[in-house]
Every structure is written in C-alpha cells, then in structure tokens.
Amino acid sequence: MAAPTPAPSELELDPKHDNYDFPTTPPRPQNGHPGYLTAQQQAQVHQLRLTLESEGYTERLDTLTLLRFLRARKFDVDLSKKMFVECEAWRKETNLDEVLPTWDYPEKGEIFKYYPQYYHKTDKDGRPVYIEQLGGIDLNAMYKITTAERMLTNLAVEYERVSDPRLPACSRKAGTLLETCCSIMDFKGVGLGKASQVFGYVKQASGLSQNYYPERLGHLYLINTPWGFSTVWNVVKGWLDPVTVQKIHVFGSSYKDELLKQVPAENLPKQFGGTCECAGGCQFSDMGPWREAEWARPAKWEKKADATIQTAPSAVTEGAGTSAAAPAVVEATDAAKADAAAPAAA
0 MAAPTPAPSE LELDPKHDNY DFPTTPPRPQ NGHPGYLTAQ QQAQVHQLRL TLESEGYTER
60 LDTLTLLRFL RARKFDVDLS KKMFVECEAW RKETNLDEVL PTWDYPEKGE IFKYYPQYYH
120 KTDKDGRPVY IEQLGGIDLN AMYKITTAER MLTNLAVEYE RVSDPRLPAC SRKAGTLLET
180 CCSIMDFKGV GLGKASQVFG YVKQASGLSQ NYYPERLGHL YLINTPWGFS TVWNVVKGWL
240 DPVTVQKIHV FGSSYKDELL KQVPAENLPK QFGGTCECAG GCQFSDMGPW REAEWARPAK
300 WEKKADATIQ TAPSAVTEGA GTSAAAPAVV EATDAAKADA AAPAAA
C-alpha cells in the first residue's frame with residue numbers, strides 16, 4: 000500500500016548546491032517529491048548529501064538530484080549512496096563530463112536510417128517526448144558506420160541534455176517542475192529475425208537509464224508490438240515495481256487514439272497519427288521549449304565549459320608553440336547500456 004502523501008511544505012534548499020532558475024514545485028502532490036516530503040525524508044536528503052561530501056564528492060549534490068536517487072531506492076540512504084557512487088564512477092570511466100561540451104555525432108543521419116532516436120516537442124503535461132523506432136535496427140550495418148562506444152556515448156549525452164537544458168526549459172514553460180519524459184517505442188517491423196538484436200540492444204539501453212538516470216520515466220508507450228508480446232508483457236510486469244508498471248502502456252497497431260490523449264496532434268509526428276511535419280523531418284528538428292528563446296537558457300555544463308575556455312591561459316602565457324583548447328572529445332569505452340532513450344528510466 001502506497002504511503003500517504005504528506006501535506007505540502009516548502010522545499011528546503013541548500014545554498015551551496017541548489018541554484019535553480021526554474022520551478023521546483025511539481026504539478027501534483029506526490030509522496031517523496033519536492034514540496035511533499037516528510038520530515039524524515041528531508042532528513043534523509045541531508046544525510047545522503049553529508050555522507051557523499053564526507054567522501055569527497057562535490058558535483059551533482061543538489062536537492063532535486065539527490066531526491067531522484069533516493070526515490071529510486073525507496074529512500075534507503077545506503078542504497079541510494081551506492082547507486083550515486085556507482086554513477087559517479089561510470090561518469091569518470093567514460094570521461095562524460097569532458098565529452099559533453101564538445102560532443103559531435105556527424106554519423107547521426109546515417110545511423111537514423113536504421114535506428115531513429117530523438118526528442119520532439121512535448122506532451123500535454125509539458126514533458127519532452129522521446130521517440131525510438133526499432134524496426135530498422137541492423138547492428139552489423141550500424142557498426143560499419145560507427146562504433147558501439149560512440150552509440151553509447153551519444154545516448155549518455157542525450158540523457159545529459161534532457162537533464163539540462165530540455166527539462167528546465169519545459170519546467171519554465173509549464174510553470175511547474177517537470178522531471179520526466181513521455182517516451183514512445185515503435186516496434187513496427189520488428190520480426191522474429193530481428194528480435195534478438197532489438198531486445199538485446201534495448202536491454203543495454205535500459206540498463207544505462209535505470210542505473211545512471213533514475214526517475215526520468217513519466218509515460219512509456221510501446222506501440223505496434225508484435226504478436227505474442229502481450230503474453231510476454233503479462234509475465235514481465237510481474238517482476239517490476241507496480242509504480243513502474245503503471246507508467247507503461249502496451250499497444251498493437253490500434254494505438255493512435257490513446258497516444259493522442261497524451262500527446263497533442265500538433266506535437267506528434269504525422270507517421271504516428273499526429274499532424275506535425277517539421278521541415279527536414281521531425282527526427283532531426285529537436286524542436287521543443289529548449290529551442291524557444293522565451294524558455295531556453297544555457298545548460299550549466301555549457302556555462303562551465305565557457306568559463307574554462309575564458310579563464311584558460313593564452314598561448315603567450317603558456318609559451319611558444321602552445322595554445323589553449325577546448326576539452327578533447329573522448330569516447331566512452333566502458334559504458335553500461337541502459338530511452339532516451341529506451342531512454343526512459345523508472
């Protein structure tokens with residue numbers, strides 16, 4: 000039985016780590032979320048932060064981030080700390096913080112011929128919509144264009160861009176805190192011959208999202224699911240947290256009416272029953288509040304990169320033959336794969 004939602008209260012912010020320029024109150028009361036914490040839950044936030052600080056961690060200790068890790072582990076501080084520490088170790092191993100500001104993925108257009116993965120506008124709650132089309136996946140062909148490591152790096156970079164700037168921009172436009180995405184996974188074209196490749200890859204991707212980007216799933220629509228999928232799903236959902244199960248909706252080819260209840264027709268690409276036809280293709284537009292001047296702001300990681308470049312020693316002060324440079328793009332070499340994107344994390 001779910002714990003009752005506590006009475007609303009002002010979120011206790013930490014002046015050292017909390018510097019939000021977007022709303023921090025969720026659109027509806029939810030136990031364990033900002034503004035709806037018990038005294039014990041608030042104390043657990045402080046305990047987790049102090050424990051991490053005592054072990055030398057200085058980044059990503061803001062209240063909203065810590066709350067996501069705590070919710071993912073049912074407010075067990077020790078388990079939440081373990082999850083956070085493992086995430087930080089992964090970031091270090093993959094050089095993600097150095098990769099992020101300068102990441103370039105020029106092979107995207109070719110990869111999208113096989114596996115479109117993209118964010119496109121918002122649902123009726125104001126959350127980013129994330130879309131994956133699985134039917135064309137051909138890993139052998141894709142690995143002739145890029146590497147598994149670069150695909151993982153790009154997935155992680157897109158998760159980072161969801162955290163900032165996408166979700167903050169959506170929160171500003173909605174006027175409430177938005178921390179999750181609405182994801183659509185299209186299984187059209189996934190037959191028995193492709194099933195092992197598709198599900199193997201999705202399992203890896205889901206691992207990345209669950210382990211390193213918790214509490215990012217708002218809704219997940221599985222559409223055009225193949226024959227027999229519902230039977231499998233009825234077994235699988237018995238292994239999942241009931242809260243997660245409530246977020247996942249499984250449909251065959253008759254999904255459009257249900258999908259349009261959550262995503263406005265003008266925001267949904269035409270091929271999925273909406274009316275949107277972006278110039279150059281919806282999969283390449285990256286349209287959303289994060290592209291609208293009224294709501295968009297530079298991401299914190301962009302500001303840090305700019306500050307690093309601006310304060311770096313000049314070629315003159317460094318000596319002849321040297322020059323300041325932006326961080327090099329370093330490929331992730333040992334990423335666990337989680338949908339973003341399926342980037343959606345429970």
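Take the sequence shown: its position 185, counted from the start at 1, is 184 in numbering that gives the first Met the number 0, and no numbers get skipped. All residues carry an ideal CB built from backbone N, CA and C; glycine is no exception. On a predicted model such as this, the values are computed, not experimentally measured, just so you know.
For a quick check, are the C-beta atoms of residue i and residue j less than 8 Å apart?
{"i": "F186", "j": "T224", "result": "yes"}
{"i": "S205", "j": "R215", "result": "no"}
{"i": "H218", "j": "C275", "result": "no"}
{"i": "P297", "j": "L176", "result": "no"}
{"i": "F83", "j": "Q40", "result": "no"}
{"i": "L258", "j": "Y220", "result": "yes"}
{"i": "P288", "j": "K123", "result": "no"}
{"i": "T93", "j": "L10", "result": "no"}
{"i": "C86", "j": "N233", "result": "no"}
{"i": "W102", "j": "V156", "result": "yes"}
{"i": "Q196", "j": "L138", "result": "yes"}
Here's a check: name, in chain order, each residue in its chain whose Cβ is nearer than 7 Å to the Cβ of residue i, leaving out the five neighbours to either side.
{"i": "A327", "result": "Because the pLDDT of A327 is 29, which lies under 50, any placement of that residue in the model is unreliable, and the number read from its coordinates should be weighed accordingly. So the list is empty, once near-sequence residues are dropped."}
{"i": "G272", "result": "K255, L258, L259"}
{"i": "G279", "result": "none"}
{"i": "L65", "result": "V44, L47, R48"}
{"i": "L51", "result": "L60, K80, F83"}
{"i": "A2", "result": "N30"}
For the ligand GTP, I want to know if residue i counts as a neighbour, meaning its beta carbon is within less than 7 Å of at least one of the ligand's heavy atoms.
{"i": "L10", "result": "Annotation note on the ligand GTP: not contained in the displayed structure, which lists no ligands."}
Pop quiz: residue i and residue j are said to be a contact at Cβ under 8 Å. What is the actual Cβ separation, rounded to whole angstroms?
{"i": "Q261", "j": "F111", "result": "24 Å between Cβ atoms; not a contact."}
{"i": "L60", "j": "R48", "result": "5 Å"}
{"i": "N30", "j": "P5", "result": "7 Å"}
{"i": "K91", "j": "M286", "result": "Going by Cβ atoms, the distance from K91 to M286 rounds to 34 Å, so no, they are not a contact pair."}
{"i": "G125", "j": "A88", "result": "Not a contact, Cβ separation roughly 34 Å."}
From residue i to residue j, what distance separates their C-alpha atoms?
{"i": "Y200", "j": "R160", "result": "21 Å"}
{"i": "Q132", "j": "P14", "result": "42 Å"}
{"i": "H32", "j": "F198", "result": "32 Å"}
{"i": "E178", "j": "R72", "result": "17 Å"}
{"i": "P22", "j": "W226", "result": "43 Å"}
{"i": "A304", "j": "L95", "result": "13 Å"}
{"i": "G318", "j": "V98", "result": "For G318, the predicted structure reports a pLDDT of 36, less than 50, and the residue's modelled location is therefore unreliable. The matter cannot be settled from this model."}
{"i": "G320", "j": "A38", "result": "Interpretation of G320 is limited by its pLDDT of 34, a score under 50 that renders its predicted location unreliable; the figure taken from the coordinates is listed afterwards. Distance between the alpha carbons of G320 and A38: 59 Å."}
{"i": "L151", "j": "Y117", "result": "14 Å"}
{"i": "H248", "j": "S79", "result": "28 Å"}
{"i": "K246", "j": "D240", "result": "10 Å"}
{"i": "D17", "j": "Q203", "result": "32 Å"}
{"i": "A194", "j": "G34", "result": "43 Å"}
{"i": "P164", "j": "Y104", "result": "18 Å"}
{"i": "M184", "j": "R149", "result": "21 Å"}
{"i": "A335", "j": "Y56", "result": "For A335, the pLDDT reaches just 33, beneath the cut-off of 50, and the residue's location in the model is therefore unreliable, leaving the point undetermined."}
{"i": "K236", "j": "G251", "result": "17 Å"}
{"i": "S53", "j": "S284", "result": "44 Å"}
{"i": "V128", "j": "A42", "result": "34 Å"}
{"i": "E58", "j": "Y158", "result": "17 Å"}
{"i": "V76", "j": "E109", "result": "44 Å"}
{"i": "Y19", "j": "A147", "result": "35 Å"}
If you drop the 5 nearest sequence neighbours on each side, which residues of the same chain put their C-beta closer than 6 Å to that of residue i?
{"i": "R67", "result": "P213, E214"}
{"i": "R171", "result": "F21, W294"}
{"i": "K269", "result": "E276"}
{"i": "E106", "result": "I144, T145"}
{"i": "L166", "result": "L177"}
According to DSSP, which residues form a beta bridge with residue i?
{"i": "V128", "result": "C181"}
{"i": "T121", "result": "P127"}
{"i": "L221", "result": "M184, V249"}
{"i": "L151", "result": "In the DSSP output, where bridge partners are listed per residue, L151 has none listed."}
{"i": "P5", "result": "DSSP lists no partner for P5."}
{"i": "P268", "result": "C275"}
{"i": "Q116", "result": "E131"}
{"i": "L216", "result": "C180"}
Only counting the same chain, and skipping five residues up and downstream in sequence, which positions put a Cβ closer than 8 Å to that of residue i?
{"i": "Y114", "result": "E131, Q132, L133, G135, I136, M141"}
{"i": "E291", "result": "A168, K172"}
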